[in-house]
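Structure record follows, encoded as structure tokens.
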Amino acid sequence: MMFAPLEGWRHVKVTDRHAAVDYGQVLKELSDVHFPSAEKIVLVQDNLSTHTTASLYAAFPAEEARRLAKRFEWHYTPKHGSWLDMAESELGVLSSQCLSRRIPNKQILEREVAAWQTYRNKHHAKADWQFTTDDARVRLKRLYPLF
Numbered sequence: 407m408m409f410a411p412l413e414g415w416r417h418v419k420v421t422d423r424h425a426a427v428d429y430g431q432v433l434k435e436l437s438d439v440h441f442p443s444a445e446k447i448v449l450v451q452d453n454l455s456t457h458t459t460a461s462l463y464a465a466f467p468a469e470e471a472r473r474l475a476k477r478f479e480w481h482y483t484p485k486h487g488s489w490l491d492m493a494e495s496e497l498g499v500l501s502s503q504c505l506s507r508r509i510p511n512k513q514i515l516e517r518e519v520a521a522w523q524t525y526r527n528k529h530h531a532k533a534d535w536q537f538t539t540d541d542a543r544v545r546l547k548r549l550y551p552l553f
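Residue numbers (the working numbering): 407 to 553.
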């Protein structure tokens, strides 16, 4: 799931696995297809082992991996805070609105996800994010250092 919440844009990629090479390919698509003119692309993601610059090096020669890595600004949610990742929230919306039934094969899954994605993008569905810094200080206080 690639999600630009302020733009109301998302792109879902259906893959057979969650390998580093797959993630590297998704990042290249995000960089070169969806946001080719962006100076810097900010990634907010969970701590899945494939969500690193190493995935770019697994997928591409070093020169290309370096070029892509420089395009991104990497931010990770706390270890037990993937719910802070808006793409995770958008995946929840996808699951409840589109995937809450048995889908018999990958071809139908891709078609259903594409239809959902087109509808959400057409209507510029944005994240209604109401989690404030003050909320974070209360809910995540165990993650902050004590002074």
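Yeah, the Cβ is synthetic: ideal placement off N, Cα and C, and Gly gets one too.
This structure is a prediction, so every number in the text was calculated from the model and none was measured.
When you compare only the Cα positions, how much space is there between residue i and residue j?
{"i": "Leu474", "j": "Thr483", "result": "21 Å"}
{"i": "Leu586", "j": "Arg548", "result": "Absent from the structure is residue 586, since the part of the chain shown begins at 407 and ends at 553."}
{"i": "Ala520", "j": "Val544", "result": "38 Å"}
{"i": "Ile509", "j": "Glu435", "result": "26 Å"}
{"i": "Thr538", "j": "Leu546", "result": "12 Å"}
{"i": "Arg472", "j": "Gly414", "result": "29 Å"}
{"i": "Arg477", "j": "Leu462", "result": "12 Å"}
{"i": "Val448", "j": "His529", "result": "23 Å"}
{"i": "Val499", "j": "Arg526", "result": "10 Å"}
{"i": "Asp541", "j": "Asp438", "result": "36 Å"}
Would you kindly report the start and end of the unbroken beta strand (DSSP E) that includes residue i?
{"i": "Met407", "result": "Unbroken run through Met407: none, as it is neither H nor E."}
{"i": "Leu449", "result": "447-451"}
{"i": "Arg416", "result": "415-417"}
{"i": "Phe466", "result": "Phe466 -> no beta strand (DSSP E), and no H or E assigned at all."}
{"i": "His457", "result": "Taken as a continuous stretch (DSSP letters only), His457 belongs to no beta strand (DSSP E), as it is neither H nor E."}
{"i": "Phe478", "result": "478-482"}
Let me make sure I understand the geometry here. Which of the options has the alpha-carbon closest to that of residue i?
{"i": "Phe466", "options": "Arg416, Asp428, Glu518, Leu505", "result": "Asp428"}
{"i": "Ala410", "options": "Ala444, His424, His457", "result": "Ala444"}
{"i": "Leu454", "options": "Leu462, Arg472, Lys485", "result": "Lys485"}
{"i": "Ser502", "options": "Ile514, Lys512, Trp522, Gln513", "result": "Trp522"}
{"i": "Gln513", "options": "Arg416, His417, Asp422, Leu412", "result": "Asp422"}
{"i": "Asp452", "options": "His440, Ala533, Leu497, Lys532", "result": "Leu497"}
So residue i packs on residue j, CB below 8 Å; how close in whole Å?
{"i": "Glu518", "j": "Cys504", "result": "6 Å"}
{"i": "Ala464", "j": "Ala426", "result": "4 Å"}
{"i": "Met407", "j": "Val450", "result": "With 8 Å as the limit, Met407 and Val450 do not qualify as a contact, their Cβ atoms being about 12 Å apart."}
{"i": "Glu516", "j": "Val420", "result": "5 Å"}
{"i": "His424", "j": "Thr456", "result": "6 Å"}
Hey, could you find the ends of the alpha helix (DSSP H) residue i is sitting in?
{"i": "Ala520", "result": "512-528"}
{"i": "Asp491", "result": "Run containing Asp491: none; DSSP gives neither H nor E here."}
{"i": "Arg554", "result": "No answer is possible for residue 554: the residues shown for the chain start at 407 and end at 553."}
{"i": "Asp422", "result": "Here Asp422 belongs to no alpha helix (DSSP H), and DSSP marks it neither H nor E."}
{"i": "Lys532", "result": "That residue, Lys532, is in no alpha helix (DSSP H); it is neither H nor E in DSSP."}
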